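**Q** Dropping a structure here in structure tokens format, bear with me for questions.
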Amino acid sequence: MRRVVCPGSFDPATNGHLDIVSRASGLYDEVVVAVLINVTKKGLFSVDERVDMLREVTKDYGNVRVERFHGLLVDFCAENGITAIVKGLRAVSDFEYEMQMAQMNYRLAKIETVFMTTNPLYSFLSSSLVKEIATYGGDVSGLVPETVIGKLRSRLAAE
Ligand code: PNS
């Protein structure tokens, strides 16, 4: 059983994230999408909301499950029988930090990191930009799943 993790903040999930999850699901037996519980950083969406949105948008993949984690990613991997981390690389600017984390995770627990090049359709996309654009009324359709668009609208209207 080759089980991998796609970790992240997912505040909120974008079509770029989903592209990576979907491609990973075709390569591995099981993909665990793991949402970081970060007590020091308040997101736009709660971790529960992010998990619910991710479950909704990945429900058609039979081998994808969504969980939350706190602490070290390598500990989550050990507890869940996960042998590799799958990450998307959008641009060279992502590479330096991602390489550092990959090497540290390998040093900590011999966990491999597999990098996938992001679909060029989404290479400019990030959750922070989506939130900024949506906050000022910009159009984020095509950048995030429809479910997320609805949640963004209601969350920002309530603020
Ligand atoms: O979507 P993000 O915020 O870029 O995801 C970053 C994430 C969650 C993958 C990273 O911060 C992480 O793995 N955090 C868990 C804590 C940890 O293991 N830190 C050591 C990394 S070498």
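Read in order, the letters of the sequence shown are residues 1084 to 1242 in this note's numbering.
For each residue, glycine too, the CB sits at the ideal point set by N, CA and C.
Just so you know, these numbers come straight off a predicted model, no measurement behind them.
(1) Taking only three categories from DSSP, how would you classify serine 1206?
(2) Considering alanine 1192, what are the terminal residues of the beta strand (DSSP E) in which it resides?
(3) Candidates Val1175, Ala1107 and Val1140: which alpha carbon is nearest proline 1228's?
(4) Quick check: the region 1208–1219 against the region 1092–1101, are there 3 or more CB pairs under 8 Å?
(5) What is the residue span of the alpha helix (DSSP H) that lysine 1234 lies within?
(6) With DSSP collapsed to three states, give me the class of methionine 1084.
(7) Any idea if tyrosine 1111 is buried or exposed, counting beta-carbon neighbours within 10 angstroms, 16 or more meaning buried?
(8) Where do the ends of the beta strand (DSSP E) carrying glycine 1221 lie?
(9) Since isoleucine 1168 is in the beta strand (DSSP E), which residue starts that stretch and which ends it?
(10) Of all the beta strand (DSSP E) runs that stay within the bounds of the region 1095–1133, which reach a length of 3 or more residues?
(11) Which residues in the same chain as arginine 1086 place their Cβ atom closer than 6 Å to its Cβ, once the five residues preceding and following it in sequence are excluded?
(12) Using the C-alpha atoms, what's the distance from isoleucine 1194 back to methionine 1187?
(13) Excluding the 5 residues flanking isoleucine 1216 on each side, which residues of the same chain have their C-beta closer than 6 Å to its C-beta?
(14) Would you list the one or two residues that DSSP bridges to threonine 1151?
(15) Within its chain, find whatever has a CB closer than 7 Å to the CB of asparagine 1146; leave out the 5 residues flanking it on each side and keep chain order.
**A** In short:
(1) For the purposes of this step, residue 1206 is identified with residue 123 of the sequence shown, where counting begins at 1. Reduced to three states, the DSSP call for serine 1206 is coil.
(2) Position 109 of the sequence shown, counting from 1, holds the residue named residue 1192. It is not in any beta strand (DSSP E) - alanine 1192 instead sits in the alpha helix (DSSP H) that spans 1175–1192.
(3) Working through the sequence shown from its first residue, we reach residue 1228 at position 145. Among Val1175, Ala1107 and Val1140, the Cα nearest to that of proline 1228 belongs to Val1140.
(4) Yes, they touch.
(5) Within the sequence shown, numbered from 1, the residue matching residue 1234 stands at position 151. 1229–1241 is the extent of the alpha helix (DSSP H) around lysine 1234.
(6) Here residue 1084 refers to the residue found at position 1 of the sequence shown. Secondary structure at methionine 1084: coil, using DSSP grouped into helix, strand and coil.
(7) Here residue 1111 refers to the residue found at position 28 when the sequence shown is read from its first residue. Per the 10 Å Cβ criterion, buried.
(8) Position 138 of the sequence shown, counted from the first residue, corresponds to residue 1221. Element bounds for glycine 1221: n/a, residue is neither H nor E.
(9) Translated into positions along the sequence shown, residue 1168 becomes position 85. Isoleucine 1168 -> beta strand (DSSP E) spans 1167–1172.
(10) 1113–1119
(11) Counting from one through the sequence shown, the residue named residue 1086 turns up at place 3. Closer than 6 Å at Cβ, skipping near neighbours: Glu1113, Gly1164 and Ile1165.
(12) For this step, residue 1187 is matched to residue 104 along the sequence shown. For this step, residue 1194 is matched to residue 111 along the sequence shown. Each residue's Cα considered, the two are about 9 Å apart.
(13) Position 133 of the sequence shown, counted from the first residue, corresponds to residue 1216. Counting only Cβ-Cβ distances below 6 Å, and skipping sequence neighbours, we find Val1223.
(14) Counting from 1 along the sequence shown, the entry for residue 1151 is found at position 68. The identity of residue 1151 in the sequence shown is arginine, whereas the question assumes threonine. In the DSSP output, where bridge partners are listed per residue, arginine 1151 has Val1118.
(15) Counting from 1 along the sequence shown, the entry for residue 1146 is found at position 63. Only Ser1108, Asp1112, Glu1113 and Val1114 meet the Cβ criterion.
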